[in-house]
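Notes follow once the structure below has been shown.
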Amino acid sequence: MKVDKELIKKVATNARLKLTESEIREFLPQLKEVLKDFDTIQKAPTKNLEPSFQPLEIKNITREDKVEACLTQEDSIKNAKHKSNGYIKGPKAI
60 MKVDKELIKK VATNARLKLT ESEIREFLPQ LKEVLKDFDT IQKAPTKNLE
110 PSFQPLEIKN ITREDKVEAC LTQEDSIKNA KHKSNGYIKG PKAI
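Just so you know, the sequence shown maps onto residues 60 to 153 in the working numbering.
The following block contains the structure:
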């Protein structure tokens, strides 16, 4: 790919940036360097590699749900100030 002032102007327009001529001259060698780095990455041997979406292995740290003893409905609301029909009453929300 040919990197020149026109390419930088096009990229700037697509990114909705207004660049001065001095900024374009400043970005020209930087963009060339970035594209050179991408060329290096493209040359990496990836023929026999499986695609990976995570750089590190992800381990599942959750556990299976276990049924344990819990409060009955009556015990859970016995200290509630406001209750009705076996439920805790809260303020109305609109």
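Backbone N, C-alpha and C define an ideal beta-carbon position, used for all residues, glycine too.
Task: Contacts around Leu90, its chain only, beta-carbon distance under 8 Å, and the 5 residues preceding and following it disregarded - done: By 1-based counting over the sequence shown, the position of residue 90 is 31. Taken in chain order, the residues that qualify are Val62, Leu66, Ile67 and Val70.
Task: Backbone secondary structure at Ser143 - three-state DSSP - done: The sequence position of residue 143 within the sequence shown is 84, counting from 1. Residue state, collapsed to three classes: strand.
Open item on the list: Could you give the first and the last residue of the continuous alpha helix (DSSP H) run that contains Arg84?
Closed with: Taking the sequence shown and counting its residues from 1, one reaches residue 84 at position 25. Counting along the chain, the alpha helix (DSSP H) containing Arg84 begins and ends at Glu80 to Gln101.
- [ ] Run the CB neighbour count on Phe86, radius 10 Å, all protein chains shown included, and call it buried at 16 or more, exposed below.
- [x] Residue numbering aside, residue 86 sits at position 27 when the sequence shown is read from its first letter. With 16 or more Cβ atoms within 10 Å of its Cβ, Phe86 is classed as buried.
Open item on the list: Check this for me: beta carbons of Ile210 and Lys64, under 8 Å apart or not?
Closed with: Because the chain here runs from 60 to 153, residue 210 falls outside it and cannot be looked at.
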